[in-house]
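Chains as they are written, first to last, in the working numbering: chain P, 1 to 368; chain C, 1001 to 1386.
Cβ atoms here follow ideal geometry from the backbone N, Cα and C, with glycine treated the same way.
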Amino acid sequence: MHRRKFLSLLGGAGIASTLGTTKAKAASHAAFDGYPDAMGVLHDSSRCIGCRKCEEGCNTVNNFPKPEKKFDDLSVLDTKRRTNATAHTVVNKYNVAGLDHPIFRKQQCNHCMEPACASACFVKAFTKNPDGSVTYNGDVCVGCRYCMIACPFSVPTFEYEDPLDPLVQKCTMCHPLIKEGKLPGCVQACPKEALTFGKRSDLIEIARERIRKHPDRYVKKIYGEKEAGGTNWLYLAPVKHTELGQPVVGKKAAPELTAGALGAVPMVVGIWPVLLTGAYAISKRKEKIAAEDQKAAVAQAVSETQSAAEDKLKAAMEKAAKDKEASIARETKKAVANAEKEFEEKLAALQNPESEEVEESSKPEGDA
Amino acid sequence: MSNDQKKFWHAGNILTAIILAGGLVLTFLRFYKGIGAVTNLDDNNPWGLWIGFDLMCGVALAAGGYVTSASCYLFGMKHYHSAVRPAITTAFLGYFFVVVALLYDLGHPWRLPYPLVYSQGTTSLLFEVGLCVSLYVSVLFIEWSPAALEWLGMRKLRNLVIKLTLPLTIMGVVLSTMHQSSLGALFLIAPGKLHPLWYSSFMPVFFFISSMVAGTSMVIFEGTLAHKGLHHMMDDTHLKEAHGVAFGFAKAASFILAGYFFIKLFDITMDNDWKYLATGYGVIFLIEMFGFVLLPSFLYAIGVREKNLKIVRIASIFGVLGIVVNRFNVSMIAFNWQLPASERYFPSLMEIGISIFVVTLIITAYRFITTRMPVLFEHPEYKDAH
Ligand code: SF4
Ligand code: SF4
Ligand code: SF4
């Protein structure tokens, strides 16, 4: 009974928590559209020649250790790579069926407008800055790596080898350089203008313009315009973006994915104790009723026994009384008989000469 | 003396000692050389066995605490009373060691309190998990403490704590509801990485419901183990009630599993994921659904109907394994399913070693407590009903 009730209550709470999305969204800042003047970078892979100059530029501005193979060694392009703790950006080569030349794509943090990494971090280590960049503060990071789970583009990396201060590492969009009015290291280093730095809104215009002017050169899509709620880095490509290893990412931003579950929290905190106290009260009341019934039964039993006992007692008393009466009668008889005997003896004595005491001793007998 | 030593160093304790010693070596390596030196984790696979097993399974399998105390104290199933203390003890140890195990996985373990006291990332579901788990460990500690206080003979404090039973139980259920479901909700943020057969907006509900299965199955399973090893520590009430507890929980688990199966079915239909069933992941999914949801549900039902404790106990093994299978699937096997095989994760021997070490710590602590404190029996001086 209880169990079933509990389950149906639970079902109600669960479904409500999942459907609670709309309400919770209004309460959170999920409708955030990014900063209007935010900057970004447009990568045009039809212009990219895979020279790895951007990698080198990034390495320099971030003071990373130089890699084993030099940046002009293009043989590294033969293996697929990803960013890591000392390489915030890498370029990969894609051989697409039907094309006589490879396509290159640069990857780094996309600087989402509503970053999943920031939304996932439980110590607010990430900040979405008004300039569009998403930066990270290693002083508060606990090293849980949930940001890495959350990022739809698998960008954040971790210093697994450092036992003391392992940090999350990712492209900063060269936030410090932008502040000084300079270009990001990679953009600065690109010899082919495959990278364009500018206001995100302008970049979208530029990209549209390029697609319009050269419909033969591009697929009709700006990757990053809608992905994950929109990113500040945008991509143009001559082939489908999935051919260049770019993941299919829904339009929903991270807060929209989790708002429902987060919105359920106050509900659970608010409603659960009430329901549970109710359940407790019901079970207590049941117990109480059961206890009362039991009490009543006991009382009745007691009163029944009591009256039975009373009857018995009465009977016993009556019997005792009767017995007593009988015994009194017996005693009286005996006493009378004794008295008579005495009397006769005394009478006999009276008939003898010394008879003075007889009167006195017979007096109480007469009174009784 | 030498006799005592002989008794102490039986095979079980020798094995325990070896594992504990090995664990200490691995602990040293982990903290001296870093996470990378002992694990197979990498930038694509930031969470491995320590999260998938130690945290995900640990928390679910410790759900016996809230399930048992809620049925006994809130839903008035007083005949489960003797099961409460063992369940609370396991839950407390389970959660405590979840936190211990987490320290191995965190890059900055000493900053674990940061989200609570220093910089609150309230948009994060992990924040909710952290908050609830830390509160719940404290609640469990208080709920468990009467056993220790009775053992120590601290009557006044013990009586005070006993008075708190009801609010603590309610808090326990609230906190459990929240973090059990939030563990599932953690993955809501990664729709592109988790296979569609497992990804669902209902994940919080699935995790919560399956945690109840984990809780009930674990109570039965542990009961079986304890009866084997700790029979002598149980009092008559415990022994008398144990069968009732097993059958009652078996019945509950059977219903919950059946319900779980149907909402999963409903979910697959709603998202129209049927096409995936014909793939390799579909096979894994079907094994999970039929072998570890429907099968234990049936076994439990049969065991209860035939009053056959053996079947119930076998079902509980499937129930417990089922939770492990599910949490492994969500956090490791179906996660990152689109990565090429060469970039997939498989735990290193040292990672497995640490997990075994942690489990051994839990068992050792459980044995220490149950052979001394009134957990499986009522303390003779505190018979006063609870
Ligand atoms: S791409 Fe990933 S790391 Fe970069 S801002 Fe977006 S979520 Fe964060
Ligand atoms: S690893 Fe650091 S930055 Fe990433 S979510 Fe955890 S605490 Fe935040
Ligand atoms: S913006 Fe800066 S940090 Fe990011 S890839 Fe370019 S150079 Fe590297």
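* To do: With a threshold of 8 Å, establish whether the CB of Phe1187/C neighbours any heavy atom of ligand 2.
  => Locating residue 1187/C in the second sequence gives position 187, counting from the first residue. Not so, every heavy atom of ligand 2 lies at least 8 Å from the Cβ.
* To do: Counting only the same chain and skipping the five closest in sequence on each side, list residues whose C-beta sits under 7 Å from that of His1195/C.
  => The count along the second sequence starts at 1 and reaches residue 1195/C at position 195. Around His1195/C: Tyr1281, Ala1334 and Trp1337.
* Is any beta-carbon of chain P found at less than 9 Å from that of Leu1125/C? -> If you number the second sequence from 1, residue 1125/C lands on position 125. So yes, Leu1125/C belongs to the interface.
* What is the DSSP secondary structure of His1081/C, counted as helix, strand or coil? -> On the second sequence, residue 1081/C is found 81 positions in, with the first residue counted as 1. Helix at His1081/C.
* To do: May I have the straight-line CA-CA distance separating Gly50/P from Glu256/P, to the nearest angstrom?
  => For the purposes of this step, residue 50/P is taken as the residue at position 50 of the first sequence. For the purposes of this step, residue 256/P is taken as the residue at position 256 of the first sequence. Roughly 36 Å separates the two Cα atoms.
* Asked: What do you reckon, is the C-beta of Phe1298/C under 8 Å from a heavy atom of ligand 1?
  -> Translated into positions along the second sequence, residue 1298/C becomes position 298. No.
* To do: Tell me whether Asp139/P sits in a helix, a strand or coil according to DSSP, three-state version.
  => Position 139 of the first sequence, counted from the first residue, corresponds to residue 139/P. It is coil, neither helix nor strand.
* Asked: Which full runs of the alpha helix (DSSP H) of 4+ residues lie inside the segment 1252-1295 of chain C, going along the chain?
  -> 1280-1286
* Asked: Would DSSP call Asp1236/C helix, strand or coil?
  -> By one-based count along the second sequence, residue 1236/C stands at place 236. Shown here, Asp1236/C sits in a helix according to DSSP, grouped into three states.
* Cα-Cα separation, Phe1097/C to Leu1131/C -> Numbered from 1 along the second sequence, position 97 holds the residue referred to as residue 1097/C. Numbered from 1 along the second sequence, position 131 holds the residue referred to as residue 1131/C. Straight-line Cα distance between these residues: approximately 16 Å.
* Along chain C, in chain order, which residues have C-beta atoms closer than 8 Å to that of Leu183/P? -> Translated into the one-based positions of the first sequence, residue 183/P becomes position 183. In chain order: nothing, as chain C lies at least about 27 Å away.
* To do: Could you confirm whether any beta carbon from chain C is found closer than 9 Å to the beta carbon of Arg3/P?
  => On the first sequence, residue 3/P is found 3 positions in, with the first residue counted as 1. Low confidence applies here, because Arg3/P scores a pLDDT of 43, under 50, leaving its location unreliable and the question unanswered by this model.
* Of all the CB atoms in chain C, is at least one closer than 9 Å to the CB of Met148/P? -> One-based indexing of the first sequence puts residue 148/P at position 148. Yes, Met148/P counts as interfacial toward chain C.
* **Cβ pair count under 8 Å reaching 3, the segment 1074-1083 of chain C against the segment 275-283 of chain P** => yes
* **CA-to-CA distance, Leu1257/C to Leu1294/C, given in whole angstroms** => In the second sequence, counting from the first residue as 1, residue 1294/C sits at position 294. In the second sequence, counting from the first residue as 1, residue 1257/C sits at position 257. Answer to the nearest angstrom: the Cα atoms are 7 Å apart.
* Asked: Within the present structure, is the beta-carbon of Phe126/P separated from the nearest heavy atom of ligand 1 by less than 8 Å?
  -> Translated into the one-based positions of the first sequence, residue 126/P becomes position 126. Yes, the beta carbon of Phe126/P sits closer than 8 Å to at least one heavy atom of ligand 1.
* Asked: Where do the ends of the alpha helix (DSSP H) carrying Lys1156/C lie?
  -> As a first step, residue 1156/C is located in the second sequence; it is residue number 156 there, counting from the start. Per DSSP, Lys1156/C is one residue of the alpha helix (DSSP H) stretching across Arg1155 to Lys1163.
* Closest to Thr86/P by CA distance: which of Lys1264/C, Asp1043/C and Leu1026/C is it? -> Taking the first sequence and counting its residues from 1, the one referred to as residue 86/P is at position 86. Closest option to Thr86/P, Cα to Cα, is Asp1043/C.
* Sequence-ordered residues whose beta carbon comes within less than 6 Å of a heavy atom of ligand 1 -> Cys109/P, Asn110/P, His111/P, Cys112/P, Pro115/P, Ala116/P, Cys117/P, Val134/P, Cys151/P, Phe153/P, Val155/P, Pro156/P and Lys170/P
* Any heavy atom of ligand 2 within a distance shorter than 8 Å of the CB on Glu123/P? -> By 1-based counting over the first sequence, the position of residue 123/P is 123. Here residue 123/P turns out to be Val, not Glu, going by the sequence shown. Yes; taking the cut-off as 8 Å, the Cβ of Val123/P has a heavy atom of ligand 2 nearer than that.
* Asked: Rounded to a whole number of angstroms, what is the C-alpha to C-alpha distance between Leu1102/C and Leu1149/C?
  -> Locating residue 1102/C in the second sequence gives position 102, counting from the first residue. Locating residue 1149/C in the second sequence gives position 149, counting from the first residue. So the two alpha carbons sit approximately 28 Å from each other.
* Asked: Under 9 Å Cβ-Cβ, which residues of chain C neighbour Phe64/P?
  -> Position 64 of the first sequence, counting from 1, holds the residue named residue 64/P. The contacting residues do not exist; Phe64/P stays about 15 Å from chain C at best.
* Rounded to a whole number of angstroms, what is the C-alpha to C-alpha distance between Tyr1276/C and Arg81/P? -> Along the second sequence, one-based indexing puts residue 1276/C at 276. Along the first sequence, one-based indexing puts residue 81/P at 81. Taking the straight line joining both Cα atoms gives about 29 Å.
* Asked: Pro273/P touches chain C at which residues, Cβ-Cβ below 7 Å?
  -> Mapped onto the first sequence, residue 273/P falls at position 273. Correct list: Ile1170 and Val1174.
* **Per-residue DSSP class, three states only, for Phe1075/C** => Residue mapping note: residue 1075/C aligns to position 75 of the second sequence, counting from 1. The answer is coil: DSSP assigns Phe1075/C none of H, G, I, E or B.
* Ranges of the beta strand (DSSP E) found wholly within the segment 29-79 of chain P, counting only runs of at least 3 -> 39-44
* For Tyr1382/C, which of helix, strand or coil comes out of DSSP? -> Here residue 1382/C corresponds to residue number 382 of the second sequence, with the count starting at 1. Three-state result, Tyr1382/C: helix.
* Could you work out which residue in Val249/P, Ala321/P, Ala207/P and Val123/P is closest to Tyr218/P when comparing CA atoms only? => Looking up residue 218/P in the first sequence gives position 218. If we check each option's Cα against that of Tyr218/P, Ala207/P comes out closest.
* According to the neighbour-count rule (16 or more other Cβ atoms, all chains shown, within 10 Å of its Cβ), is Lys23/P buried or exposed? -> Here residue 23/P is taken as the residue at index 23 of the first sequence, counted from 1. In this prediction, Lys23/P scores a pLDDT of 36, lower than 50, which makes its location untrustworthy; the coordinate-derived value is nonetheless stated afterwards. That one is exposed.
* Asked: Does Lys124/P come within less than 9 Å of chain C when only Cβ atoms are used?
  -> Numbered from its first residue, the first sequence carries residue 124/P at position 124. Yes, Lys124/P lies at the interface with chain C (some Cβ there is under 9 Å from its Cβ).
* Which residues mark the beginning and the end of the beta strand (DSSP E) in which Gly198/P is found? -> The sequence position of residue 198/P within the first sequence is 198, counting from 1. Segment Leu195 to Lys199, the beta strand (DSSP E) holding Gly198/P.
* **Own chain residues within Cβ distance below 8 Å of Val1205/C, not counting five before or after** => For this step, residue 1205/C is matched to residue 205 along the second sequence. Answer for Val1205/C: Ser1181, Gly1184 and Ile1263, listed in chain order.
* To do: Could you please give me the residues that DSSP links to Tyr235/P through a beta bridge?
  => Locating residue 235/P in the first sequence gives position 235, counting from the first residue. Beta-bridge pairing links Tyr235/P to His43/P and Tyr223/P.
* chain P beta carbons: is any one of them nearer than 9 Å to that of His1386/C? -> As a working note, residue 1386/C is residue 386 in the second sequence. Residue placement at His1386/C cannot be trusted, given a pLDDT of 44 that sits under 50; the coordinates are not used to answer.
* **Member of Ala253/P, Lys220/P, Cys144/P and Ala228/P whose CA lies at the smallest distance from the CA of Pro238/P** => As a position in the first sequence, residue 238/P is number 238, starting the count at 1. Per the Cα distances, Lys220/P.
* Specify the secondary structure class of Gln188/P as computed by DSSP and reduced to three states. => Against the first sequence, residue 188/P aligns to sequence position 188. Note: Gln188/P maps to helix in three-state DSSP.
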